[in-house]
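Novice: In my numbering, the protein residues as written are 581 to 843. Here it is, the structure in full.
Next up, the structure:
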């Protein structure tokens, strides 16, 4: 149990890395149509827009076999890669460093730390994502249609990339990954909802206009994931997207600012 793992420890860890399970999930999602031009601009190559300019805002909580219990949320944009149709993960937030590191290093998910809350009162659901005192995402939904238990599957597109050591460009070409989720649902409800997005300089969600809300849903169940690398993107082509997936370091300059002392 040290810094250098034994063969037995490596085997145990790699099982958790290669066969992640996110169980007892509770996820509230609101789907909306956005501006097709905004969708096209936000999708990195080689992804293409999906059949409709659909965006999904989600907040949830999970247990797992690899990162303990965690809360979080995400913004997904409908996209395609060849014959694969799925969702590009535009932004994602977690409440702890373990799920953040795991998803970012393994899948390439653009995770940041934030606080999330999910509430239910009868058929009414609400949820928020709050980062640095700003409610970036707020969902409200009335879900009176009960679909009962079932199964569902989905595909997420992500990109793995590393900044160059000298701070100029990327270290190598970016890698497009595909994560497939096979879900066993105990609860599935749908209905109407609303979504409010607030943009900041580090989380510019206001680049996605909410044109029309097309539905809301809530699920409970177990999610089984697998992921693979499917393509590379030249580092120069992906750099604008890579820098947009993290905070703007140039705007976090506190040189010369007075230090605030707290007791």
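All residues carry an ideal CB built from backbone N, CA and C; glycine is no exception. Every value quoted in this text rests on a predicted model; they were computed, and no experiment measured them.
If you pair each beta-carbon of the region 675 to 694 with each one of the region 734 to 747, do three or more pairs fall below 8 Å?
Specialist: Segments in contact, yes.
Novice: What does a CB cutoff of less than 8 Å around residue 831 pick up in its chain, not counting 5 residues either side in sequence?
Specialist: 781 and 782
Novice: Between 840, 792, 733 and 643, which lies nearest to residue 615 when the distance is taken from Cα to Cα?
Specialist: 792
Novice: To which residues of the same chain is residue 704 closer than 6 Å at the C-beta, ignoring the five residues directly before and after it?
Specialist: 722
Novice: Along the beta strand (DSSP E) that carries residue 794, what are the first and last residues, could you check?
Specialist: First-last of the beta strand (DSSP E) with residue 794: 792 to 813.
Novice: Is the CB-CB distance between residue 788 and residue 618 below 8 Å?
Specialist: yes
Novice: Assuming the contact rule is C-beta atoms closer than 8 Å, residue 625 and residue 658 should be a hit. Round their C-beta distance to whole Å, please.
Specialist: Rounded, the Cβ-Cβ distance is 16 Å, inconsistent with contact.
Novice: Would you mind giving the Cβ-Cβ distance between residue 717 and residue 653, rounded to the nearest angstrom? I have them listed as a contact below 8 Å.
Specialist: 6 Å
Novice: Using the Cα positions of residue 810 and residue 660, report the straight-line distance between them to the nearest angstrom.
Specialist: Their Cα atoms are separated by approximately 13 Å.
Novice: Can you check which of these residues, 757, 607 and 729, is closest to residue 696 by C-alpha distance?
Specialist: Looking only at 757, 607 and 729, the smallest Cα-Cα distance to residue 696 is reached by 607.
Novice: Any chance the region 740 to 760 sits against the region 705 to 715, with 3 or more Cβ pairs inside 8 Å?
Specialist: no
Novice: Determine the burial state of residue 683: buried for a count of at least 16 other Cβ atoms within 10 Å of its Cβ, exposed for fewer.
Specialist: buried
Novice: Just to confirm, is the Cβ distance from residue 632 to residue 656 under 8 Å?
Specialist: no
Novice: Check this for me: beta carbons of residue 674 and residue 650, under 8 Å apart or not?
Specialist: Yes, the pair counts as a contact, with Cβ atoms nearer than the cut-off.
Novice: Might you give, ordered along the chain, the residues of its own chain that have their beta carbon closer than 6 Å to the beta carbon of residue 763, omitting 5 neighbours on each side?
Specialist: Answer for residue 763: 732, 801 and 803, listed in chain order.
Novice: What residue from 833, 767 and 742 has the CA that sits closest to residue 821's CA?
Specialist: Checked all of 833, 767 and 742; the closest Cα to residue 821 is 742.
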